[in-house]
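Protein sequences appear in the order of chains Z and U.
Quick note: the first sequence uses the numbering used here, first residue 2, plus one each step.
Quick note: the second sequence uses the numbering used here, first residue 135, plus one each step.
Remarks on the structure that follows.
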Amino acid sequence: MSVDDYAEDDRLTTGGWRDALDDGLLLGQECRDCGHVTGAPKAACARCGSRALDTVRLPEEGTVYSVTRIEVAPEGFDAPYHVAMVALDDGRVTARLDGEADIGETVTFTGAASTPEGPAPRFG
Amino acid sequence: MHDAHVVGVGMTPFGVHDATLPDLFAEAALPALDDAGAAPDDVEALYFGNAMGGQIEGDSHLAPTVASHVGLAGVPCQRFEDACATSSNAFKNAVQAVEAGQHDVVLVGGVERCSPETGKGTGAMTRIFASAAHGAYERPTGLTFPGVFALLTKRHMHEHGTTPEQLAEVAVKNHYHGSLNDRAHFGKETTTEEVLDGPVVADPFRLHDCCPFSDGAAAVVVASEDAAADLSGDPVRVAGVGHATDVVPLADKAHPSTTQAARDAAREAYEAAGIAADDVDFAEVHDCFTGAEVLATEALGLVTDGEGGAAAAAGRTALGGEIPVNPSGGLKAKGHPIGATGAAQIVELTEQLRGEADERSVEGADVGLAHNLGGDAATTVVSVLEAADAGEVAR
């Protein structure tokens, strides 16, 4: 499937983003007006308000921007596990991290983590 | 423009309560009305905060219920929900209603129960608190609220060299302040060793870096200058309130560890009050985690960017220091019943500015600031209060 197949009326919704993630694709949006890139699909750009958003495949390699090891988890999750903000070429994604990595280390997208709250991007 | 004043305050001890939400709210609201000298007929509206009663206790549409419970049946009521900034947003709206001349006397307050007394354990409560993060994008990663502030703090540590020992000093300071406050959830002191030896909740935060799950209520009476003159309560002037939000989710913020919403809300509050950060004599800030206090003191301009941790470790933000932060003990030691926290900060500011804070008094305080944050560093409300007799001292 192409990236556009996950968008509805040219807009990436949460449902399409989740479906793509389950299929092993990390999608996001790029604003045609200000260039802001997001990993969390929106109906308009969070920086400039523009509705001119392209659905894009995000880079699958990035660096750890920040990371935490969670040892007290919400109901339905088994601790410990790591959650990171990963910096891509433009923008960032919040993701589950396989194993440990420090800020600045290179990590690679490895697919979706399946959780009681839905799929989450996984890097390692 | 009608100047708004706080003319009455009340709050319960924060900790563990087995009362219903209306009963608990009454324990703060009735003393606030009595402190103001306000009769039921004087009160024109209720601005009420409760964040999670629907999820935690199965109670919703609480505002008219609690109004009826405290003798205010029939007044216009509204309930606010902005995660942990719930009742400071209720306060902001009440101040605006008074300033606009819409109401002369308004009861503002909040109530929440979060302790295991509710029947919810740590895992269930952690999940409920996580409902204030981005649902489709952040919650599936297993991000918790300690995790949100851990991500911000780890980045701050990377950028500025803030250390776990400096974070621990924030907890030690706030526990000391809490030991001077008989309404504090944690009334005993702690040590850096105890903090650093605690179990990890979300790295870098250990148990004592985190605020407790508390039950409690707080309330204040806001009145116009003319109405305040007719009431017996000792008034404190509301000099300015700022309110801003930042992009959700966390990853999309331009620079997550700078907590931009706090900077924007502080600028608005300072401009309204006609003051600068240097004029603030003490602050109650949203220290849900030790790292959150470090970020807040910098965003508010109370310390230089990057020096929040060092300032705490050097005692600059302790009682007796150059800018006391969280003389009440803060969320960390006083406790954090979500929907009551913002109103409780206003209670502390009022008591300090009236000279009623006993052992935890900030000497000669004329200008106090409250900083209340909700969600994943999204909502922030900053309020500046001035002693009624401060005159032009601060300007």
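Using N, Cα and C, we set each Cβ at its ideal position, and we do this for glycine too.
Since we're looking at a predicted model, the values are computed, not measured.
- Around the beta-carbon of Asp-349 of chain U, 16 or more other beta-carbon atoms lie within 10 Å, marking it buried.
- Counting along the chain, Phe-124 of chain Z sits inside no alpha helix (DSSP H); it lies in the beta strand (DSSP E) bounded by residues 119-124.
- The secondary-structure analysis by DSSP pairs Asp-368 of chain U with nothing; it has no beta-bridge partner.
- Close partners of Leu-285 of chain U in chain Z (Cβ separation under 9 Å): Tyr-66, Ser-67, Val-68, Thr-69, Val-84, Ala-85, Met-86, Thr-95.
- If you draw a straight line from the Cα of Arg-48 of chain Z to the Cα of Val-515 of chain U, it is about 21 Å long.
- Annotated as proximal: Gly-29 of chain Z and Gly-40 of chain Z, with beta-carbon spacing under 9 Å.
- For Ile-71 of chain Z, the enclosing beta strand (DSSP E) starts and ends at 62-71.
- The C-alpha of Glu-101 of chain Z is placed about 33 Å away from the C-alpha of Arg-397 of chain U.
- By the neighbour-count criterion, in which 16 or more other beta carbons inside 10 Å mark a residue as buried, Glu-456 of chain U falls on the exposed side.
- Interface annotation, Val-57 of chain Z: not in contact with chain U, CB-CB separation never under 9 Å.
- Bridge pairing for Asp-55 of chain Z: Z:Glu-31 [DSSP].
- At the C-beta level, Asp-23 of chain Z and Pro-120 of chain Z come within 9 Å of one another.
- Per the Cβ contact rule, the stretch 456-471 of chain U is in contact with the stretch 344-359 of chain U (3 or more Cβ pairs under 8 Å).
- Distance from the CA atom of Val-372 of chain U to the CA atom of Asp-20 of chain Z, rounded to whole angstroms, is 50 Å.
- Collapsing the DSSP output to three states places Leu-241 of chain U in a strand.
- Counting only the Cα atoms, Gly-92 of chain Z lies some 35 Å from Asn-184 of chain U.
- Taking the Cα positions, Asp-216 of chain U is about 15 Å away from Leu-196 of chain U.
- Pairing Val-143 of chain U with Val-481 of chain U gives a Cβ-Cβ distance under 9 Å.
- Between Val-242 of chain U and Ser-221 of chain U, the CB-CB gap stays under 9 Å.
- When 7 Å is used as the limit between beta carbons, Val-335 of chain U is near these residues of chain Z: Glu-72, Val-73, in chain order.
- The beta-bridge partner set that DSSP reports for Gly-502 of chain U consists of U:Phe-416, U:Leu-519.
- Ala-102 of chain Z is outside the set of residues whose beta carbon lies under 9 Å from a beta carbon in chain U.
- The alpha-carbon separation between Asp-90 of chain Z and Thr-109 of chain Z amounts to approximately 13 Å.
- Judged by DSSP in its simplified three-state form, Asp-11 of chain Z adopts coil rather than helix or strand.
- The C-beta distance from Ala-224 of chain U to Phe-263 of chain U rounds to 20 Å, too long to fall under 8 Å, and the pair is not in contact.
- Gly-16 of chain Z is positioned such that its CB atom lies no closer than 9 Å to that of Thr-56 of chain Z.
- Spanning the alpha carbons of Cys-46 of chain Z and Arg-52 of chain Z requires a straight line of approximately 6 Å.
- At least one beta carbon of chain Z lies nearer than 9 Å to the beta carbon of Leu-384 of chain U.
- Taking 9 Å as the cut-off, the Cβ atoms of Glu-427 of chain U and Val-459 of chain U count as close.
- By the C-beta density criterion, Cys-32 of chain Z is buried, having at least 16 other C-beta atoms within 10 angstroms.
- Taking the C-beta atoms as reference points, Ala-219 of chain U is found nearer than 9 Å to Gly-509 of chain U.
- For Ser-358 of chain U, there is no enclosing alpha helix (DSSP H); the residue is found in the beta strand (DSSP E) stretching over 349-358.
- Judged by DSSP secondary structure, Gln-486 of chain U falls within the alpha helix (DSSP H) whose first and last residues are 472-488.
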